[in-house]
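Notes follow the structure.
In this note's numbering, the protein residues as written are 20 to 620.
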C-alpha cells in the first residue's frame, strides 16, 4: 500500500532528464526514488487567469558592482534556464474556471444551473472549480439529492420538507424548491406577494408567485466550521452510510422478496402431503401452476431489490473524489516526494476497483433477510431440524471472519504491486528517449519486468486466497444441505417429519445457505474496497491546512516571479495519490493553493 502524499510537480523535460539520469544506477530490485536536480512547477497559463497578464521576465544576474558585499550561496541545484521556465508556463493546462463548465460537468440539468444562484444567495465566496471538485460524479445528471450532497461538501447543512409556496415563512430561505412536474426554483428570500428567485428551467431571475404549488423544499444554512470526517473503515459500514436514506425501503423490499420465496417450498409441502397421496390430477396441475406463478411473481421484486443497489455504483468515484478534495486542502509542504507515475498509479487505491465491488456487495447483503426468513420457516416446519442449517450458517460466518485478514493482506499487496508496475511503466515511457541516450535502457527494461512479474505474482496470490474463501463457504453450504437432508430423513422414518415438510426444509436450507455463501463469494471485492477506505482513512489522519467543508476564497492571480525554494524534495509520511496536470496559484514567494485538473479524472 502507498504511504506518501504526492508531490505536485511538472511532467515536462526537466523532470524527464532528471529521472533518466538516475535510472542508470538502478540495477537491483530494491531501488530508491530518483531525486532530480530541480522539481519544476507547472503553473496555470497566465492568460487563463488574467487575459491582460504578462509573463514576468526572468531574474537577471546582478552586476559585479551591485554584487559587492552580497554573499553568493553555494549552488546545490542547477536552476532552470529562462527557456525552460517559459516552456513550463506555456505548457500548463487551463482549468475551466467558469460556471458554464461546472454546470456542464454536473450534467447540465436544471438543478445544476441553479447551483450558482443558490450559492450566491448564501453569500458563498468560492470558485466554480470548487463546485466541480465536490460533484458526486462528473458528467452525470445532478438531482436534488446530489445537490444536497454538493452543498454539504461546500459547508452548508440542509433540512428538507414538503410544503406549498404560500406556506413558506421567513425562516425557510434561501431554499431549493423542486416539484414532481420538473420545476426547479431557487428561492432567495421571503416576500409578501412574490418570492425573488431563479427559474432553473428558463435560466432567468424572476419573481416567483406565492401560489399553492406543492413540492419539496431544501433549506440551506451555513454549517459551523469543523473538520470533515473520514469515511467508515469497513466496507459494509461505508455502503450503509451511502444508502442511509434508502435502508428502510431496501429492507422492506428484501423482506417482501424473502416472504415470496417461501411460496414455492410451502406449495411443495402441501402437494407432497395432501395432493400427491390423493392422486388428483387437477390439483397436482393447480399446485404446479401456482408454484410457477409465485416464482414469476417473485422475479420483479428480486430485480427491484437489485436495482436499489444502483446508487452505490458511484461509491468508488466518490471515494476518489473525496480523496482528491481532501488532498487539495493539505499544506503544500506535505505534498512532496512523489513522481507523476506514482500519482497516476495511486488513483487505483482510492478508486477501489470501480463500481462492481460495491454493487455486488450490496446485492449479496440484500439476500440475507431472505436467509433469515428461510431459517425461521425451517424452525416452524421441522422444529429441532433447524439446528443443522443454523450451525452451517455460523460455520460460514466464522470461516469468513478468520480468513478475512489473509484476503485483505493479499489484496493490499496486489494493489501495491499493481501501482508500482504502473508507475514504472509510465515513467519508463516518459524517459525512453533520454534512457536510450544515457545507455541505461536495459536497466529500465529489467525494472519494468520485475515490477510486472511481482504484480502478476501478487495478483495470483490474492485471487487464490479469494477463491479459497469462496470454495470453503460453498463446501460448508453443500455439507449443511446434505446434513439437513440426512437428519430430516431420519426424522421422517421415525414419523417425526412428513415428506412435504422434509422437502420444504431442504429447499429452504439450500436457499438460506446459498444467500450466506454469496457474501463470502464477494470477499475479494470487500477487500478491494477496504484498501481504498484504508487509504482514505490515512489521508484524513493528516492534518489539513483548512477544512474541506469550509468555503474558500477564489484563487489569486499570478504576479511576479514564483519562489520555488520552499518546494525542495523531502521525505514525508502519508498517501500517494495520482493527479496529473496540477497547477499552482501563487504570489511572489507564496504558494496559495494546489488545484487538480478535474477534466482528466
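C-beta atoms are modelled at their ideal positions from N, C-alpha and C, and glycine is treated no differently.
Beta carbon of residue i nearer than 8 Å to that of residue j
i: residue 140; j: residue 134; result: no
i: residue 492; j: residue 453; result: no
i: residue 291; j: residue 522; result: yes
i: residue 484; j: residue 425; result: yes
i: residue 268; j: residue 327; result: yes
i: residue 496; j: residue 536; result: yes
i: residue 542; j: residue 467; result: no
i: residue 656; j: residue 385; result: A query on residue 656 cannot be resolved here, the shown segment of the chain reaching from 20 to 620 and no further.
i: residue 183; j: residue 252; result: no
i: residue 177; j: residue 169; result: no
i: residue 229; j: residue 213; result: yes
i: residue 528; j: residue 391; result: no
i: residue 438; j: residue 499; result: no
i: residue 428; j: residue 474; result: no
i: residue 119; j: residue 161; result: no
i: residue 507; j: residue 404; result: yes
i: residue 258; j: residue 334; result: yes
i: residue 317; j: residue 205; result: no
i: residue 436; j: residue 477; result: yes
i: residue 377; j: residue 538; result: no
For residue j and residue i, the rounded distance between their alpha carbons
i: residue 502; j: residue 374; result: 38 Å
i: residue 444; j: residue 433; result: 16 Å
i: residue 526; j: residue 123; result: 52 Å
i: residue 255; j: residue 401; result: 33 Å
i: residue 155; j: residue 192; result: 25 Å
i: residue 331; j: residue 164; result: 14 Å
i: residue 238; j: residue 379; result: 35 Å
i: residue 147; j: residue 194; result: 20 Å
i: residue 250; j: residue 555; result: 7 Å
i: residue 567; j: residue 152; result: Caution applies to residue 567, whose pLDDT of 48 falls short of 50 and renders its modelled position unreliable; the value that the coordinates give is listed next. Their Cα atoms are separated by approximately 11 Å.
i: residue 197; j: residue 172; result: 21 Å
i: residue 283; j: residue 394; result: 15 Å
i: residue 186; j: residue 216; result: 16 Å
i: residue 561; j: residue 553; result: 13 Å
i: residue 287; j: residue 272; result: 24 Å
i: residue 530; j: residue 175; result: 46 Å
i: residue 219; j: residue 559; result: 36 Å
i: residue 289; j: residue 533; result: 24 Å
i: residue 159; j: residue 129; result: 13 Å
i: residue 200; j: residue 520; result: 52 Å
i: residue 494; j: residue 407; result: 15 Å
i: residue 4; j: residue 117; result: Because residue 4 is not part of the residues shown, which for the chain are 20 to 620, the question remains open.
i: residue 260; j: residue 121; result: 27 Å
i: residue 479; j: residue 471; result: 12 Å
i: residue 594; j: residue 464; result: Bear in mind that the predicted position of residue 594 carries a pLDDT of just 32, short of 50, making it unreliable; the figure below should be weighed with that in mind. Approximately 27 Å between the Cα atoms of the pair.
i: residue 338; j: residue 306; result: 50 Å
i: residue 226; j: residue 180; result: 22 Å
i: residue 388; j: residue 399; result: 17 Å
i: residue 544; j: residue 263; result: 21 Å
i: residue 311; j: residue 188; result: 56 Å
i: residue 458; j: residue 446; result: 16 Å
Reduced DSSP category for residue i - H, G, I as helix; E, B as strand; rest coil
i: residue 537; result: helix
i: residue 453; result: helix
i: residue 461; result: helix
i: residue 230; result: coil
i: residue 161; result: coil
i: residue 202; result: coil
i: residue 189; result: helix
i: residue 281; result: coil
i: residue 128; result: coil
i: residue 49; result: With a pLDDT of 37 at residue 49, under the threshold of 50, the predicted position of this residue should be treated as unreliable, though the coordinate-derived value follows. Residue 49 falls in the coil class under three-state DSSP.
i: residue 252; result: coil
i: residue 154; result: coil
i: residue 325; result: helix
i: residue 209; result: coil
i: residue 385; result: coil
i: residue 596; result: Because the pLDDT at residue 596 is just 34, under 50, the model does not fix this residue reliably, and the point stays unresolved.
i: residue 173; result: coil
i: residue 259; result: helix
Within-8 Å CB hit, residue i to chain D
i: residue 208; result: Chain labels in this structure do not include chain D; a single protein chain is all it has.
Near the ligand NAD: residue i beta-carbon under 7 Å from a heavy atom
i: residue 164; result: By its list of ligands, the structure shown contains no ligand whatsoever, and the ligand NAD lies outside what it can speak to.
Measuring CB atoms only, is the segment 201 to 213 touching the segment 274 to 290, in the sense that at least three cross pairs come out at less than 8 Å? In short, these stretches do not touch, since the Cβ pair count stays below three.
Check whether the segment 543 to 555 and the segment 400 to 416 touch, using three or more Cβ-Cβ pairs below 8 Å as the test. The segment 543 to 555 is not in contact with the segment 400 to 416.
Which runs of the alpha helix (DSSP H) at least 4 residues long sit entirely within the segment 459 to 530? Give them in chain order. Qualifying alpha helix (DSSP H) stretches, in chain order: 460 to 512.
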